[in-house]
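Here the structure is laid out as structure tokens; the discussion comes afterwards.
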Amino acid sequence: MPELPEVETVRRQLDRAIRGAMVKEVVVRFGDRLQPSPARFKRLMRGRTVISVERRAKLLRLRLSGGWNLFVHLKMTGRLLLKRSGSIPTKHTHLVFRLSGRRELHWEDVRKFGYMKALPDAQAETWLAGQDFGPEPLRTGFTWRSFAMCLRNHPKAQIKPLLLRQDCIAGIGNIYATEALWSARIHPLRRVERLSDKDLRRLHRAVTSVLRRAVKAGGTSADDYLDIFGEEGGFVPQLKVYGREGRKCRRCRGLLRKMRIGGRGTVICPTCQKKG
7 MPELPEVETV RRQLDRAIRG AMVKEVVVRF GDRLQPSPAR FKRLMRGRTV ISVERRAKLL
67 RLRLSGGWNL FVHLKMTGRL LLKRSGSIPT KHTHLVFRLS GRRELHWEDV RKFGYMKALP
127 DAQAETWLAG QDFGPEPLRT GFTWRSFAMC LRNHPKAQIK PLLLRQDCIA GIGNIYATEA
187 LWSARIHPLR RVERLSDKDL RRLHRAVTSV LRRAVKAGGT SADDYLDIFG EEGGFVPQLK
247 VYGREGRKCR RCRGLLRKMR IGGRGTVICP TCQKKG
């Protein structure tokens, strides 16, 4: 699933590429993941101009002229691809926005978990607040103390599943939680009540560092992720543990091991990350 760095990369690219573009037409091929209905969705989008592209957690928000908003969640395998006018859609293309400037924005989703939701300004803020997203880890106010306060509201929780909760910290997923915990030398099954201030300071630095570096690299293409130009993210060579089970730890040279936590694969270094 695209996480904060991948969605932020897409946001930045879209904001540069289609800000000011007008939606001339919408071609719907599969409409079951659209809100409202495909016919109404097409009518609402036609003729509107893209004012800006924003992000909250893993959610994209396109602000449109006339007081409308388009929310896009890519979920597991979603992609937004900017193409030339007349490009042939793939079998996984759900929808095509035909834009001014002889361009098209194609929404592809192999597993069909993503969605697009159009809302007027009057409803958009209420709906967004109802998603109950936690603080953004790359914003200025995300200090180690605010981070620690959020985590310590759940003293019995294991740290890895807690990092993945979007109501605790927005945007972190399996890749970057795995990387941050390795960097901070914290076992993913450690309970929050067993983490010291020193541990939490170290984890806060690890979270913000890995996210910033991943954004700078354009995200991680470990699975299906591509940016809007069809290019892979460049962060894979910087991964320390994710996807490297059975190989040597880049810190202690011990053997990395894969385990499952909450149904998700997690790679750890048993030497560096003591359960304790």
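In our numbering, the protein residues as written are 7 to 282.
Where is the CB? At the ideal position from N, CA and C, for every residue including glycine.
- With fewer than 16 other beta carbons inside 10 angstroms of its own, residue 128 counts as exposed.
- Counting only runs that start and end inside the region 93-164, the beta strand (DSSP E) elements of at least 3 residues fall at 99-105, 109-115, 121-126.
- Check the Cα spacing between residue 149 and each of 198, 213, 162, 191: the tightest is with 213.
- Around the beta carbon of residue 9, a 10 Å sphere encloses 16 or more other beta carbons of the protein chains shown; the residue is thus reported as buried.
- Between residue 188 and residue 41, the CB-CB gap reaches or exceeds 8 Å.
- Exclusion of the five residues before and after residue 196 leaves 165 as the residues of its chain whose Cβ lies within less than 6 Å of its Cβ.
- Only residues of its own chain outside the window of five on either side were considered, and among them 100 have a CB closer than 7 Å to the CB of residue 36, listed in chain order.
- The region 141-160 makes contact with the region 214-224: 3 or more CB pairs, one atom from each, lie closer than 8 Å.
- No Cβ-Cβ contact shorter than 8 Å links residue 83 with residue 225.
- Contact check for residue 193 against residue 274 passes: the beta carbons are separated by less than 8 Å.
- Contact between the region 54-61 and the region 70-90 is present: three or more C-beta pairs spanning the two stretches fall below 8 Å.
- Approximately 7 Å separates the beta-carbon atoms of residue 252 and residue 262; this is inside 8 Å, confirming the contact.
- Taking all protein chains in view, the Cβ of residue 239 is crowded by 16 or more other Cβ atoms within 10 Å, so the residue is classified as buried.
- By the C-beta criterion, the region 113-127 is judged not to be in contact with the region 172-189, since fewer than 3 inter-stretch pairs fall below 8 Å.
- Annotation: residue 185 is outside any beta strand (DSSP E); the continuous alpha helix (DSSP H) that includes it extends over 180-189.
- Here residue 114 really is in contact with residue 85; their C-beta atoms are around 5 Å apart, less than 8 Å.
- In the structure shown, the three-state DSSP call for residue 83 is coil.
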